[in-house]
């Protein structure tokens with residue numbers, strides 16, 4: 030289906046795939062580098078003539094030049110305009126090639142020279158970020174330029190012209206020599222540049238029509254594009270097709286122009302449902318025509334990232350479905366159904382389907398998801414509105430804003446149109462922090478290991494004090510660096526779509542948005558809770574070993590102490606429906622959340638925790654030594670909010686009953702993910718899947734990530750990959766073709782706990 034469109038996009042995106050420091054195709058790279066060099070040269074001259082201009086004005090001028098030099102790409106028999114030709118194919122915005130990099134490449138060295146504290150801090154804490162050897166943190170170091178969402182709701186209501194009007198009115202409230210005035214000017218310039226890029230698509234489409242290009246279908250689409258690109262994004266969409274154009278064009282263009290990762294393309298059924306119904310009622314569209322538009326709209330991401338041949342196919346490209354609208358009414362309509370069904374029918378992997386659900390979500394919706402998942406379409410995550418909304422409200426987010434949350438990148442929570450939640454300020458291995466507290470490490474000198482503690486209460490209190498010290502140290506040095514480096518991170522175009530920035534005259538990197546959270550992604554909660562329980566039981570309750578002896582036994586990787594290790598493995602574990610183990614896990618999560626939420630980031634917002642681990646539960650385990658719960662050196666830790674795999678669990682309700690004892694609202698809206706691997710069996714029906722999802726909500730499971738597999742098929746796919754090319758699995762926050770994955774990841778998926786149904 031759509032082979033002509035696929036082939037055309039494949040030809041273009043294979044040429045523009047990243048290879049070294051440029052495009053894979055030499056001719057395509059030479060053409061791009063010529064444009065990039067021209068923009069850099071003009072920016073160098075502009076900066077020399079205006080050395081005191083605020084960086085936000087420099088960034089907006091880059092946008093003007095990008096619009097000037099943009100050569101838009103129109104694909105044959107493709108009705109959508111989105112490819113502006115200024116970044117590599119395998120990127121969702123973060124790029125070392127886009128001309129938007131000028132501001133970092135030119136200002137970065139100047140900022141570091143003016144503020145030597147930046148380099149001093151980076152040298153002092155370099156070891157902290159050593160994932161391979163220390164395995165404690167995986168971090169963007171300064172600021173999470175990924176995991177963004179545009180303010181699509183506002184764009185759909187008032188268009189870019191509406192934002193321009195707001196910027197002009199706001200500008201008049203500020204003194205002409207103020208930073209706020211400069212921001213408003215920058216926002217205006219950037220918004221006008223965005224409109225100009227769209228107009229160039231209209232120009233090109235009209236040119237193709239004038240020269241008689243294409244057959245009947247292609248000319249139909251060119252005519253649609255020419256009209257739409259004159260209206261969108263300047264004006265709010267009036268039709269379903271224009272709505273699709275608005276979402277895709279603004280995501281792709283702004284990601285390139287700002288050099289940020291825009292990981293969400295919109296809450297589709299909420300934003301497009303009314304447009305579709307109006308078109309249908311007016312006779313402007315049929316369901317078949319709408320489905321064709323939906324299918325083509327979703328095609329490009331899998332092709333851009335060459336998913337069939339990519340070992341780690343991260344696209345960070347998500348769409349949101351379901352949940353509720355700003356009034357709290359459940360969202361489910363024909364647009365929901367079309368996107369799920371067309372995604373499944375076309376056997377797509379991306380965009381990622383992030384499906385919110387609430388108590389009022391209809392069974393039809395959950396069964397529809399179940400039908401796809403049970404057929405092996407492992408591309409879904411189900412997000413429990415109850416938990417995320419209660420957490421956001423705890424963080425001070427207004428209810429109308431909270432109800433419009435989306436999830437992007439993977440499942441990172443974002444408050445659409447109200448700021449950046451910095452979904453991954455860092456990943457931190459909680460079990461490794463405990464390991465270092467217990468035994469120390471010659472490569473780590475930020476705190477000393479514990480020598481003695483007379484009671485578990487003393488041990489626990491001192492560990493929490495150590496955690497507090499570590500979190501404070503980390504956030505202090507991070508905030509200090511961001512204070513200076515934010516000058517090269519400004520994004521006036523993105524910021525203009527976020528409530529608060531135009532009104533306050535401040536870029537979102539400067540705290541202008543309504544909400545300004547930063548998120549700690551906590552890795553290994555289940556394993557950490559089990560470690561604490563094991564220390565309490567083995568050392569202080571059963572008195573089988575002293576703390577000194579336990580430290581020595583762990584240093585020997587349990588060698589010679591197998592009977593004691595088996596005793597540790599047999600102890601109550603979090604996620605196994607044991608009240609005591611779950612209570613300790615809940616207490617620990619609450620205490621850790623309190624430590625994190627007490628900190629402010631450089632933008633003035635709150636740090637919050639999440640239990641979204643991506644694949645860091647595997648990566649960071651490679652440096653995690655033996656632990657008191659019975660783990661050996663380097664064995665994998667728990668993922669997300671789930672239990673560890675040290676003891677198998679067969680009953681699917683067991684971890685859910687543990688979830689009910691956890692208060693995940695302390696994550697303040699941060700994601701908490703439960704991975705569930707289920708057997709491909711005829712016993713599991715869409716009705717049962719819907720009931721299971723309902724049970725997950727009732728048991729307070731925050732975010733459910735199902736993976737329905739046949740172990741026999743997975744094992745055979747390793748031996749005969751050519752026979753299983755279409756086998757899709759859920760890895761963590763992304764899905765992939767199983768046969769494209771490297772053997773280590775394949776084996777990890779095969780080894781996961783398989784629940785009985």
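Residue numbers (the numbering used here): 30 to 786. C-beta: ideal position from N, C-alpha, C; glycine also. It should be emphasised that the depicted structure is a prediction, and the values quoted were computed from it without experimental measurement.
Look at the Cβ atom of residue 428, then the Cβ atom of residue 411, and state whether they are nearer than 8 Å.
Here the question's residue 428 lines up with position 399 in the chain shown. Here the question's residue 411 lines up with position 382 in the chain shown. Result no, Cβ atoms of residue 428 and residue 411 do not sit closer than 8 Å.
Cβ pair residue 792, residue 276 closer than 8 Å:
Residue 792 lies beyond the stretch modelled for the chain, which goes from 30 to 786, so this question has no answer here.
Buried or exposed: where does residue 183 fall if 16 or more other Cβ atoms within 10 Å of its Cβ makes it buried?
By 1-based counting over the chain shown, the position of residue 183 is 154. Answer is buried; the Cβ neighbour count reaches 16.
Using 8 Å as the cut-off, can you tell me whether the segment 646-655 makes contact with the segment 454-466, which would need three or more C-beta pairs spanning the two stretches below that distance?
yes
CA-to-CA distance, residue 688 to residue 388, given in whole angstroms
In the chain shown, the residue the question calls residue 388 occupies position 359. In the chain shown, the residue the question calls residue 688 occupies position 659. Answer to the nearest angstrom: the Cα atoms are 18 Å apart.
Could you work out which residue in 709, 516, 514 and 538 is closest to residue 525 when comparing CA atoms only?
On the chain shown, position 496 is the one that residue 525 refers to. The shortest C-alpha separation from residue 525 is found at 538.
Residue nearest to residue 244 in terms of C-alpha spacing, selected from 105, 346 and 280
Walking along the chain shown from the start, residue 244 turns up at place 215. The residue with the shortest Cα to Cα distance from residue 244 is 105.
If residue 625 and residue 693 are in contact, beta carbons under 8 Å, what's the gap, nearest whole angstrom?
Position 596 of the chain shown, counted from the first residue, corresponds to residue 625. Position 664 of the chain shown, counted from the first residue, corresponds to residue 693. That belief does not hold up - the Cβ atoms of residue 625 and residue 693 are roughly 14 Å apart, past 8 Å.
What did DSSP end up calling residue 384 once you bin it into helix, strand or coil?
The residue you call residue 384 lines up with position 355 of the chain shown. Three-state result, residue 384: strand.
Decide if residue 494 is buried, meaning its Cβ has at least 16 other Cβ atoms within 10 Å, or exposed.
For the purposes of this step, residue 494 is taken as residue 465 along the chain shown, with counting starting at 1. Exposed is the call here.
Hey, quick one: how far does the beta strand (DSSP E) through residue 547 stretch, first residue to last?
Here residue 547 is taken as the residue at index 518 of the chain shown, counted from 1. Residue 547 -> beta strand (DSSP E) spans 547-552.
On the premise that residue 368 lies in contact with residue 395, defined as a C-beta separation below 8 Å, what is that separation, rounded to the nearest angstrom?
The sequence position of residue 395 within the chain shown is 366, counting from 1. The sequence position of residue 368 within the chain shown is 339, counting from 1. In this structure, residue 395 and residue 368 do not form a Cβ contact; the two beta carbons are roughly 15 Å apart against a cut-off of 8 Å.
Below 8 Å between beta carbons: does that hold for residue 97 and residue 132?
Position 68 of the chain shown, counting from 1, holds the residue named residue 97. Position 103 of the chain shown, counting from 1, holds the residue named residue 132. Their beta carbons are not under 8 Å apart, which means residue 97 does not touch residue 132 by this criterion.
Can you tell me whether residue 673 is helix, strand or coil according to DSSP?
Here residue 673 is taken as the residue at index 644 of the chain shown, counted from 1. Residue state, collapsed to three classes: coil.
Report yes or no: do three or more beta-carbon pairs, one from the segment 189-201 and one from the segment 220-234, lie closer than 8 Å?
Cβ pair count under 8 Å is three or more, so yes.
Unbroken beta strand (DSSP E) run spanning residue 323, endpoints:
Residue 323 sits at position 294 when you count from the first residue of the chain shown. Note, residue 323: premise wrong, no beta strand (DSSP E); alpha helix (DSSP H) at 316-333.
Among 86, 168 and 393, which has the Cα closest to the Cα of residue 717?
Indexing the chain shown from 1 puts residue 717 at position 688. Out of 86, 168 and 393, 393 has the C-alpha closest to the C-alpha of residue 717.
Contact set for residue 166: own chain, Cβ-Cβ below 6 Å, skip 5 residues either direction:
By 1-based counting over the chain shown, the position of residue 166 is 137. Correct list, in chain order: 157, 158, 455 and 457.
Can you look up residue 748 in the DSSP assignment and give me helix, strand or coil?
Within the chain shown, the letter at position 719 stands for residue 748. Looking at residue 748 - three-state DSSP - the assignment turns out to be helix.
Applying the criterion that 16 or more other CB atoms from any shown protein chain within 10 Å of the CB defines a buried residue, is residue 120 buried or exposed?
As a working note, residue 120 is residue 91 in the chain shown. Label assigned to residue 120: buried.
Contiguous alpha helix (DSSP H) assignments of at least 4 residues, all confined to the segment 625-668:
The alpha helix (DSSP H) runs lying completely inside the segment 625-668 and spanning 4 residues or more are 645-648, given in chain order.
I'd like the span of the alpha helix (DSSP H) that includes residue 273, first residue to last.
The residue given as residue 273 occupies position 244 in the chain shown. Residues 269-287.
So, helix, strand or coil for residue 242, using DSSP?
Counting from 1 along the chain shown, the entry for residue 242 is found at position 213. The answer is coil: DSSP assigns residue 242 none of H, G, I, E or B.
Applying the criterion that 16 or more other CB atoms from any shown protein chain within 10 Å of the CB defines a buried residue, is residue 99 buried or exposed?
Your numbering for residue 99 matches position 70 in the chain shown. So residue 99 ends up on the buried side.
May I ask which residues mark the beginning and end of the alpha helix (DSSP H) holding residue 74?
In the chain shown, residue 74 corresponds to position 45, counting from 1. Note, residue 74: alpha helix (DSSP H), 55-78.
So which of 258, 124, 300 and 230 has the shortest CA-CA distance to residue 185?
Locating residue 185 in the chain shown gives position 156, where the first residue counts as 1. Taking only the C-alpha atoms, the option nearest residue 185 is 300.
Is the beta carbon of residue 86 less than 8 Å from the beta carbon of residue 211?
Along the chain shown, one-based indexing puts residue 86 at 57. Along the chain shown, one-based indexing puts residue 211 at 182. For residue 86 and residue 211, yes; Cβs fall inside 8 Å.
When DSSP labels each residue in this structure, what does residue 292 get in the three-state scheme?
Residue numbering aside, residue 292 sits at position 263 when the chain shown is read from its first letter. In the three-state scheme derived from DSSP, where H, G and I count as helix and E and B as strand, residue 292 is classed as strand.
Exposed or buried, residue 343, counting other C-beta atoms within 10 Å across all chains shown (16 or more means buried)?
Locating residue 343 in the chain shown gives position 314, where the first residue counts as 1. Residue 343 should be labelled buried.
Tell me, to the nearest whole angstrom, how far the beta carbon of residue 606 is from that of residue 686; I am working on the premise that it is less than 8 Å.
In the chain shown, residue 606 corresponds to position 577, counting from 1. In the chain shown, residue 686 corresponds to position 657, counting from 1. Right, the Cβ-Cβ distance comes to about 4 Å (below 8 Å), so this counts as a contact.
Evaluate the contact criterion for the segment 489-505 versus the segment 579-592: three or more CB pairs, one atom per stretch, below 8 Å.
no
Beta bridge counterpart(s) of residue 443 as assigned by DSSP
Numbered from 1 along the chain shown, position 414 holds the residue referred to as residue 443. The partner list for residue 443 (beta bridge, DSSP) reads 435.
Between residue 372 and residue 354, what straight-line distance do the alpha-carbon atoms span, to the nearest angstrom?
Locating residue 372 in the chain shown gives position 343, where the first residue counts as 1. Locating residue 354 in the chain shown gives position 325, where the first residue counts as 1. Cα to Cα, the separation comes out at about 23 Å.
Given a cut-off of 8 Å on the beta-carbon distance, is the pair residue 101 and residue 91 in contact?
Within the chain shown, the letter at position 72 stands for residue 101. Within the chain shown, the letter at position 62 stands for residue 91. No, these two residues do not count as a Cβ contact at 8 Å.
Among 129, 229 and 400, whose alpha-carbon lies nearest the alpha-carbon of residue 737?
Working through the chain shown from its first residue, we reach residue 737 at position 708. Of the candidates 129, 229 and 400, the one whose C-alpha sits nearest the C-alpha of residue 737 is 400.
Sheet register partners of residue 759 (DSSP bridge):
Residue mapping note: residue 759 aligns to position 730 of the chain shown, counting from 1. Paired residues: 764.
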